[in-house]
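Residue numbers (the working numbering), protein chains in the order written: chain S, 285 to 548; chain X, 2 to 487. Glycine residues also receive a C-beta, built at the ideal position from the N, C-alpha and C atoms. Encoded as structure tokens, the structure appears first; notes follow it.
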Amino acid sequence: MRLLDIDDLHVRVDDKPILNGLSLSMNAGEVHAIMGPNGSGKSTLANVLAGHPGYEIIGGSIRFAGADLDGLAPEERAHAGVFMAFQHPVEIPGVTNMEFLKAANDSRLAARNLEPLSALEFMKKVRNLAQSLDLDSEFLKRGVNEGFSGGERKRNEILQLLLLEPKLAVLDETDSGLDIDALRTVADGVNRFHADGNGVLLITHYQRLLNHVVPDHVHVLADGRIVESGDGSLAHALEERGYAWLREDREDTPPARRSSGMRN
Amino acid sequence: MSESPLDIIGQEYSAGFVTDVESETLPPGLDESVVRFISEKKREPGWLTDWRLSAFAGWARMTPPEWAHVNFPPIDFDAISYYSAPKSLEGGPQSLDEVDPELLRTYEKLGIPLHEQEMLAGVSRAEPRVAVDAVFDSVSIATTFKDKLREAGVIFCPISEAVHTHPELVKRYLGSVVPRGDNFYAALNSAVFSDGSFVYVPKGVRCPMELSTYFRINEQNTGQFERTLIVADEGAYVSYLEGCTAPMRDDNQLHAAVVELVALDDAEIKYSTVQNWYPGDADGKGGIYNFVTKRGACRGAHSKISWTQVETGSAITWKYPSVVLRGDHSVGEFYSVALTNNFQQADTGTKMIHLGRGTKSTIISKGISAGRSQNSYRGLVRTSPAAGDARNYTQCDSLLIGERCGAHTFPYIENKSASAVVEHEATTSKVSEDQLFLCRQRGIDPEKAVSMIVNGFCKDVFRQLPMEFAVEAGKLLEVSLEGAVG
Ligand SMILES: Nc1ncnc2c1ncn2[C@@H]1O[C@H](COP(=O)(O)OP(=O)(O)OP(=O)(O)O)[C@@H](O)[C@H]1O
Ligand SMILES: [Mg+2]
Numbered sequence: 285m286r287l288l289d290i291d292d293l294h295v296r297v298d299d300k301p302i303l304n305g306l307s308l309s310m311n312a313g314e315v316h317a318i319m320g321p322n323g324s325g326k327s328t329l330a331n332v333l334a335g336h337p338g339y340e341i342i343g344g345s346i347r348f349a350g351a352d353l354d355g356l357a358p359e360e361r362a363h364a365g366v367f368m369a370f371q372h373p374v375e376i377p378g379v380t381n382m383e384f385l386k387a388a389n390d391s392r393l394a395a396r397n398l399e400p401l402s403a404l405e406f407m408k409k410v411r412n413l414a415q416s417l418d419l420d421s422e423f424l425k426r427g428v429n430e431g432f433s434g435g436e437r438k439r440n441e442i443l444q445l446l447l448l449e450p451k452l453a454v455l456d457e458t459d460s461g462l463d464i465d466a467l468r469t470v471a472d473g474v475n476r477f478h479a480d481g482n483g484v485l486l487i488t489h490y491q492r493l494l495n496h497v498v499p500d501h502v503h504v505l506a507d508g509r510i511v512e513s514g515d516g517s518l519a520h521a522l523e524e525r526g527y528a529w530l531r532e533d534r535e536d537t538p539p540a541r542r543s544s545g546m547r548n
Numbered sequence: 002m003s004e005s006p007l008d009i010i011g012q013e014y015s016a017g018f019v020t021d022v023e024s025e026t027l028p029p030g031l032d033e034s035v036v037r038f039i040s041e042k043k044r045e046p047g048w049l050t051d052w053r054l055s056a057f058a059g060w061a062r063m064t065p066p067e068w069a070h071v072n073f074p075p076i077d078f079d080a081i082s083y084y085s086a087p088k089s090l091e092g093g094p095q096s097l098d099e100v101d102p103e104l105l106r107t108y109e110k111l112g113i114p115l116h117e118q119e120m121l122a123g124v125s126r127a128e129p130r131v132a133v134d135a136v137f138d139s140v141s142i143a144t145t146f147k148d149k150l151r152e153a154g155v156i157f158c159p160i161s162e163a164v165h166t167h168p169e170l171v172k173r174y175l176g177s178v179v180p181r182g183d184n185f186y187a188a189l190n191s192a193v194f195s196d197g198s199f200v201y202v203p204k205g206v207r208c209p210m211e212l213s214t215y216f217r218i219n220e221q222n223t224g225q226f227e228r229t230l231i232v233a234d235e236g237a238y239v240s241y242l243e244g245c246t247a248p249m250r251d252d253n254q255l256h257a258a259v260v261e262l263v264a265l266d267d268a269e270i271k272y273s274t275v276q277n278w279y280p281g282d283a284d285g286k287g288g289i290y291n292f293v294t295k296r297g298a299c300r301g302a303h304s305k306i307s308w309t310q311v312e313t314g315s316a317i318t319w320k321y322p323s324v325v326l327r328g329d330h331s332v333g334e335f336y337s338v339a340l341t342n343n344f345q346q347a348d349t350g351t352k353m354i355h356l357g358r359g360t361k362s363t364i365i366s367k368g369i370s371a372g373r374s375q376n377s378y379r380g381l382v383r384t385s386p387a388a389g390d391a392r393n394y395t396q397c398d399s400l401l402i403g404e405r406c407g408a409h410t411f412p413y414i415e416n417k418s419a420s421a422v423v424e425h426e427a428t429t430s431k432v433s434e435d436q437l438f439l440c441r442q443r444g445i446d447p448e449k450a451v452s453m454i455v456n457g458f459c460k461d462v463f464r465q466l467p468m469e470f471a472v473e474a475g476k477l478l479e480v481s482l483e484g485a486v487g
């Protein structure tokens, strides 16, 4: 079943073109990895999928689970099942993690006309999830990301992912800043999410996460479009050779063929 | 796509209905005869009539203060009526059973239970937690749990009644903290004050429940001038709450209250306000002018007074609950949340006057501005040469929502004590688009997100409120922010 269809997407920020005809498709239950140089537009893609109001879509379309995302507010996209783990999760001082999670979970349930969980049930659920991610329950009482270390923030993002049960997780460099054990913990969390038949779009710079969360497809994003797609071996090749060879290689290749995403 | 998620639209005020009761209302205008009329109406003793008249004479020579960071056309004091009372209350306060059901319904609608078996949260409890004095325009209509309080020796009644039942206490303390001529609005209040609450907690008594007064302006073109006096005798403790609302009207209405607190040796008074006067509509039309003088005197050693206020209402707020720390080692606290939206203006803060040795004060002020509102903190910390080892800590945080509002901080420090330590910290932050986007990405709608972020910002102050009111204050913020995000 098709989960995500991005077709010829063009996006601008402050009149500066950032995505230039990006196309990408994925099926439910698949893991896709996106790699690419700094500034190539990876976070932009994640933000646009989540409906960040700061980005202007000037062409192309995004279909998610059969429906056009155009015109949907960020919270509506979230309710439809789009989740984004932020590259740099922000702090919300004074709002405890627990309150925040409760508000998020309640609104998700309300969108489906379901009653909120009782406070007790909810706390139990969240505590269990926190434990599975090696997050001390102390973190639930602290302000959202307030004074969290980089790695703690990332684990907190995965906690939210597992709690909110979306259909698609767009993980923007969730592996950056994790120590070796945390990387494994986070990967386990992502794999659990994936095992439920959900889609994962992994934005990463490094092969190491892909050893734990094995991608079905790997794409290279450069200059605002997908310039190369392949299987897991592509990530290894990139790790060894960097991105330069792709550019050289591309000189004599018609861009049309290269830039189309996976169509399977 | 470039719509700003922080655009401001309208807001709803749920307490804005009018109660249809027949009232006796004085024609607008103020002169000596009006002062005499009010005093006569309340069958006051001669000393009080004279007190009022002398306040009036003082007021007539004064001009309104202009230093606050607020803007409004001059008030026509002759267009205001200075007395209004529901006809059914002619002849003084009655027992609860005799109160006009229409009035009781008003308070019910506002969520203020005047039936003694009902409690704030609407659930009956075995132990009463809050006693209420309800003031409707110029008179007190009912005071609950009087008997229960009397058992403990606590006096809690309308001040108009205390004048007759406890004249010696009223005479001793009235105007002893805020003198008749203290400032323009205090003088006006002293001349025409209508009603308000009187509390006396005797030596060594811990008041067995929260005391609460609820003020409601109903009549059009009527000013409300209530007067509250709370005295905690040696070693006594009392926690007092004040709430207020008014109907939605196109005209501005004046509210000029005076609150005086007196704490003797080892006594403690906790005074909390949830102020929700009608703020005017989204275009800035109508709303209450809230010009209030609130002051506490820590007269005794080791006494303590703390003001906690949550201000979401009024078109203009001008208010500086203060503490005069005369007793050695006395403690003054001020915890404030002031939220302004649309065209509201607030100039509020506190004064901590350190006179005694080892006195301590804490000021935590949280200002939230949305819409085109202007929110100012104005605070004075003064230590006299005798205030050895005085300490003050001030933290003053502003939160901006959107691009068109303003936050201002005016701290004044007058330190004359060589050994005093005065600390001031101030921050200004914004509800950032990134915070908002994080919430929305997690499925939380923008209004809920902003109110959650604002509640988080105010947490240090809400913690100071009695539990029932902390919940109410949170909800109030949510309502007041309605429309703060587009
Ligand atoms: N709000 C913005 N205003 C101006 N330029 C922006 C804005 N957001 C992104 N850009 C620019 O768009 C380009 C793509 O940024 P993006 O964050 O999507 O890159 P990225 O691929 O995620 O990079 P990294 O690997 O460093 O995270 C960059 O050149 C960046 O500077
Ligand atoms: Mg990025």
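Beta bridge pairing from DSSP links TRP308(X) with TYR272(X) and PHE335(X).
In the three-state reduction of the DSSP assignment, GLU360(S) falls in the helix class.
Around the beta carbon of ARG173(X), fewer than 16 other beta carbons sit within 10 angstroms, so the residue counts as exposed.
Those residues whose C-beta sits under 7 Å from the nearest heavy atom of ligand 2 are, from N- to C-terminal order along the chain, LYS326(S), SER327(S), GLN371(S), ASP456(S), GLU457(S) and ILE487(S). With respect to LEU452(S), GLY355(S) sits apart: the two C-beta atoms are not nearer than 9 Å. By the rule that beta-carbons nearer than 9 Å mark a contact, LEU448(S) touches chain X. The beta carbon of VAL454(S) sits closer than 6 Å to those of ALA330, LEU333, MET368 and LEU485, all from its chain and outside the five residues before and after it, given in chain order.
DSSP places GLY320(S) outside any alpha helix (DSSP H), giving it a letter other than H or E.
Counting only residues of its own chain and dropping the five nearest sequence neighbours on each side, HIS167(X) has a CB closer than 8 Å to the CB of ILE156, PHE199 and TYR201. Ranked by Cα distance from THR294(X), the options PHE463(X), ASP398(X), ARG327(X) and VAL259(X) are led by VAL259(X). Set against 8 Å, the gap from the CB of PRO373(S) to the closest heavy atom of ligand 1 is not smaller. With respect to PHE292(X), TYR186(X) sits close: the two C-beta atoms are nearer than 9 Å.
Membership of TRP52(X) in the alpha helix (DSSP H) is indicated by the continuous run 47 to 61. Rounded to the nearest whole angstrom, the CA to CA distance from ALA312(S) to VAL297(S) is 30 Å. With a beta-carbon spacing of about 6 Å, ALA450(X) and LEU437(X) fall inside the 8 Å limit used to define contacts. Along the region 322 to 344 of chain X, none of the residues has a CB nearer than 7 Å to a CB of chain S. Checking the 8 Å criterion, the Cβ of HIS316(S) is out of range of every heavy atom belonging to ligand 1.
Partner residues in the beta bridge of ILE369(X), as assigned by DSSP, are LEU340(X) and LEU400(X).
When distances are taken from the beta-carbon of SER324(S) to the heavy atoms of ligand 1, the shortest one is below 8 Å.
Excluding five sequence positions before and after ASP500(S), the CB atoms of its chain that fall closer than 7 Å to its own CB belong to GLU314, VAL315 and HIS316, given in chain order. Per the coordinates, the alpha-carbon of ILE341(S) lies some 50 Å from the alpha-carbon of THR351(X). For a Cβ distance threshold of 9 Å, nothing in chain S lies close to MET468(X): the least Cβ distance comes to about 16 Å. Residue-level contact by beta carbon holds for PRO373(S) and chain X, with a gap shorter than 9 Å. Here the region 338 to 355 of chain X makes contact with the region 306 to 318 of chain X; the two share three or more CB pairs at distances below 8 Å. With a cut-off of 8 Å, the C-beta of LYS449(X) is classified as distant from ligand 1, since no heavy atom of the ligand falls inside that distance.
Rounded to the nearest angstrom, the Cβ distance from PHE226(X) to PHE194(X) is 5 Å, consistent with a contact under 8 Å. Shortest gap from the CB of LEU447(S) to any heavy atom of ligand 1: 8 Å or more. Shown here, PRO168(X) sits in a helix according to DSSP, grouped into three states. Nearest to LEU150(X) by alpha-carbon distance, out of PRO180(X), VAL382(X), GLU211(X) and ARG181(X), is GLU211(X). Residue-level contact by beta carbon holds for CYS459(X) and chain S, with a gap shorter than 9 Å.
Think of a sphere of 7 Å around the beta carbon of PHE438(X): the chain S residues whose beta carbon falls inside it are HIS336 and PRO358, in chain order.
Under DSSP, TYR378(X) forms a beta bridge with THR349(X) and THR410(X).
For GLY378(S), the closest Cβ of chain X is nearer than 9 Å. TYR321(X) counts as buried, since no fewer than 16 other beta carbons sit within 10 angstroms of its beta carbon. Within the model, the alpha-carbon separation for VAL502(S) versus SER513(S) is close to 6 Å. Of the other Cβ atoms in all chains shown, fewer than 16 fall within 10 Å of the Cβ of ALA419(X); this residue is therefore exposed.
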